[in-house]
Amino acid sequence: MASSEWELVCGLEVHVHLKTRTKMFCRCALEYGAAENTHTCPICLAHPGALPVPNGRAIEMTILLGLALDCEIADRAVFARKNYFYPDLPKGYQISQYEAPLCGPGRFKLPDGYEVGIVRAHLEEDAAKTVHAGGATGRSVGADYSLVDFNRGGTPLLEIVGAPDLRTPEQAVWFLRHLRQRIVDLGISDAEMEKGTLRADVNVSVRRRGEEGFRPRWEIKNMNSFTFIGRAIAAAFEEQKKAHEAGEEVVQSTYDYEPDTDRLTVHRSKEEADDYRYFPEPDLVPVEPPAELVERLKHELPESHVERIVRIAGELPPDTALALAEELVMTGNDWKAVALNKEGVEFMPAAAIAMNRGDFLLENAPALAKIVEANVTREALDEAFAAAASGPIDAADYLAQAAVADESELRPIIDAVIAANPEQVETYRGGKEGVLGFLVGQVMRESGGKADPRVVNRLLAERLRQE
Ligand SMILES: [Zn+2]
Numbered sequence: 021m022a023s024s025e026w027e028l029v030c031g032l033e034v035h036v037h038l039k040t041r042t043k044m045f046c047r048c049a050l051e052y053g054a055a056e057n058t059h060t061c062p063i064c065l066a067h068p069g070a071l072p073v074p075n076g077r078a079i080e081m082t083i084l085l086g087l088a089l090d091c092e093i094a095d096r097a098v099f100a101r102k103n104y105f106y107p108d109l110p111k112g113y114q115i116s117q118y119e120a121p122l123c124g125p126g127r128f129k130l131p132d133g134y135e136v137g138i139v140r141a142h143l144e145e146d147a148a149k150t151v152h153a154g155g156a157t158g159r160s161v162g163a164d165y166s167l168v169d170f171n172r173g174g175t176p177l178l179e180i181v182g183a184p185d186l187r188t189p190e191q192a193v194w195f196l197r198h199l200r201q202r203i204v205d206l207g208i209s210d211a212e213m214e215k216g217t218l219r220a221d222v223n224v225s226v227r228r229r230g231e232e233g234f235r236p237r238w239e240i241k242n243m244n245s246f247t248f249i250g251r252a253i254a255a256a257f258e259e260q261k262k263a264h265e266a267g268e269e270v271v272q273s274t275y276d277y278e279p280d281t282d283r284l285t286v287h288r289s290k291e292e293a294d295d296y297r298y299f300p301e302p303d304l305v306p307v308e309p310p311a312e313l314v315e316r317l318k319h320e321l322p323e324s325h326v327e328r329i330v331r332i333a334g335e336l337p338p339d340t341a342l343a344l345a346e347e348l349v350m351t352g353n354d355w356k357a358v359a360l361n362k363e364g365v366e367f368m369p370a371a372a373i374a375m376n377r378g379d380f381l382l383e384n385a386p387a388l389a390k391i392v393e394a395n396v397t398r399e400a401l402d403e404a405f406a407a408a409a410s411g412p413i414d415a416a417d418y419l420a421q422a423a424v425a426d427e428s429e430l431r432p433i434i435d436a437v438i439a440a441n442p443e444q445v446e447t448y449r450g451g452k453e454g455v456l457g458f459l460v461g462q463v464m465r466e467s468g469g470k471a472d473p474r475v476v477n478r479l480l481a482e483r484l485r486q487e
């Protein structure tokens, strides 16, 4: 059977550090980049007799996320002990949620309308950070020794388990980008992969189109780059397809992705859930979120950026709509940057909507777009809109005047540069137009770098053709 009949079955488990002031079960401060082991106490170091006290704000943040993902919010959530033995876990267990998480099934809609199921979202504590030194660089196997920083131990960690609804590597990355944006907009986390405040485990399986049930899946742990996540999924998809077609057994395992070779290597075979011997945490009472709290948090929910994208896209020509609206919203509404990069009339209405200044911009869009297309710097555009916002000046008129003023300032500089570089001018007129770049550079330098190089280019070429 042709390999195109295989379908990717991919789901993400996303871990997010919550942006609380203190840790999940003690009052140690959370401070990224602090000196090692300076934020610890008997609770997060698991001294005998120390008892955990849950962080109320972390619980609220988890519920807020649950509401944003249309999750069922539990009436009664139970913290559970997840037992395993590792140097970064001083208690010998992690406090997590197992059978009764705070947030039950939900869904996340992407801008194109595709819905990704959310299985659950729960609250737990992060482990400490282990640094492996010497020997094989940065890896536990073959290291000479390992160091543990307990500052991170006990950080509130939100785990969002996505359903295996993702069908291409691109869609998986797209989902994660939008989920991240939603998390950032909720104000519950910085969700920065470089800092490790957002990490993802990727589950990859394949099936023949129309096939029911599950084939063994590979879990790729602790991914912290959008690019690598996309590449790891693509690599796992290819390897599994090949294995199935060759009749080889595909074993359920945990894998590491090696970016250098674009290959997956077996990390360890998958522990069964039973291995963790989960049981309800005896030191904590169940969490029963009051209805008033959930109601209040509902009102705290900011508008979804996905809804904004869809609304803006509705105002745009269909062929560019979604991509452009997405770019506008996801780049922090920097509509000017988008307008300047794209140089097209069709972008201006979107820009206007993104800015919430539709009344004033929409009317001026065609005139403004022409000016933007002709020649204008980012600074000039900023200036024009500041002027228009503070008085009865039309931004397009302002820009037209500014452009003329710029040109009249540039002309004497251009004359001076031409006079000072007769050799280059002669070379240019002899047909070697490449030398124009040098002359543009001279004008730019003389103008103190303020001139728009596109304007300089045009004026210089005009001037050189005159004589
Ligand atoms: Zn502590």
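In the working numbering, the protein residues as written are 21 to 487.
Backbone N, C-alpha and C define an ideal beta-carbon position, used for all residues, glycine too.
(1) Cβ of residue 63 versus every heavy atom of ligand 1: is any distance shorter than 6 Å?
(2) Compare the C-alpha of residue 330 against each of 317, 344 and 321 and name the closest.
(3) Which residues mark the beginning and the end of the beta strand (DSSP E) in which residue 478 is found?
(4) For residue 117, which three-state DSSP category applies?
(5) Is any heavy atom in ligand 1 found nearer than 6 Å to the beta carbon of residue 46?
(6) Am I right that residue 322 and residue 218 are in contact with their C-beta atoms under 8 Å? What's the rounded C-beta distance?
(7) Would you tell me roughly how many angstroms separate the C-alpha atoms of residue 486 and residue 458, rounded to the nearest one?
(8) So, at 8 Å on beta carbons, what are the nonlocal neighbours of residue 153 in its own chain, with the 5 sequence-adjacent residues on each side left out?
(9) For ligand 3, is there any heavy atom lying closer than 6 Å to the beta carbon of residue 191?
(10) Could you tell me which uninterrupted alpha helix (DSSP H) segments, each at least 4 residues in length, are contained entirely in the region 70-111, listed from first to last along the chain?
(11) Going by other Cβ atoms of all chains shown within 10 Å of its Cβ, with 16 needed for buried, is residue 170 buried or exposed?
(12) For residue 108, which of 57, 189, 257 and 120 has the nearest alpha-carbon?
(13) Using the C-alpha atoms, what's the distance from residue 83 back to residue 51?
(14) What distance in whole Å lies between the Cβ atoms of residue 98 and residue 300, which are believed to be in contact at a cut-off of 8 Å?
(15) Could you pull the start and end residues of the alpha helix (DSSP H) that residue 261 belongs to?
(16) For a test of the three-state rule: what should DSSP assign to residue 170, helix, strand or coil?
(17) Would you mind working out which of 209, 253 and 196 sits nearest residue 188, comparing C-alpha positions?
(18) Measure how close the beta-carbons of residue 138 and residue 180 come, nearest whole angstrom, since I'm counting them as under 8 Å.
(19) Count Cβ pairs between the region 225-233 and the region 280-287 that sit closer than 8 Å; are there 3 or more?
(20) My guess is that residue 32 and residue 196 are in contact by the Cβ rule of under 8 Å, so how many angstroms apart are they, rounded?
(21) Between which residues of its own chain and residue 479 is the CB-CB distance below 8 Å, once the five residues before and five after are set aside?
(22) Under the rule that 16 or more other beta-carbon atoms within 10 Å means buried, what is residue 182, buried or exposed?
(23) Would you report the Cα separation of residue 258 and residue 130, rounded to the nearest angstrom?
(24) Between the beta-carbon of residue 284 and the beta-carbon of residue 266, is there less than 7 Å?
(25) Could you check if residue 136 is buried or exposed, using at least 16 other CB atoms within 10 Å of its CB as the buried criterion?
(26) Quickly, what does DSSP pair residue 242 with across the bridge? List them, please.
(27) State the CB to CB distance for the pair residue 115 and residue 80, rounded to an integer number of angstroms; the pair is presumed to be in contact (CB under 8 Å).
According to the structure shown:
(1) yes
(2) 344
(3) Note, residue 478: premise wrong, no beta strand (DSSP E); alpha helix (DSSP H) at 473-486.
(4) strand
(5) yes
(6) Wrong, their Cβ atoms sit about 19 Å apart, outside the cutoff.
(7) 19 Å
(8) 163, 164, 165, 166 and 167
(9) Looking for ligand 3 in the displayed structure turns up nothing; the ligands present are ligand 1.
(10) 76-88, all fully within the region 70-111.
(11) buried
(12) 57
(13) Straight through space, the alpha carbons of residue 83 and residue 51 are spaced by roughly 23 Å.
(14) 5 Å
(15) Counting along the chain, the alpha helix (DSSP H) containing residue 261 begins and ends at 246-265.
(16) coil
(17) 253
(18) 7 Å
(19) no
(20) 6 Å
(21) 427, 430, 431 and 434
(22) buried
(23) 25 Å
(24) no
(25) buried
(26) The partner list for residue 242 (beta bridge, DSSP) is empty, contrary to what the question assumes.
(27) Incorrect: roughly 18 Å between the Cβ atoms, too far for contact.
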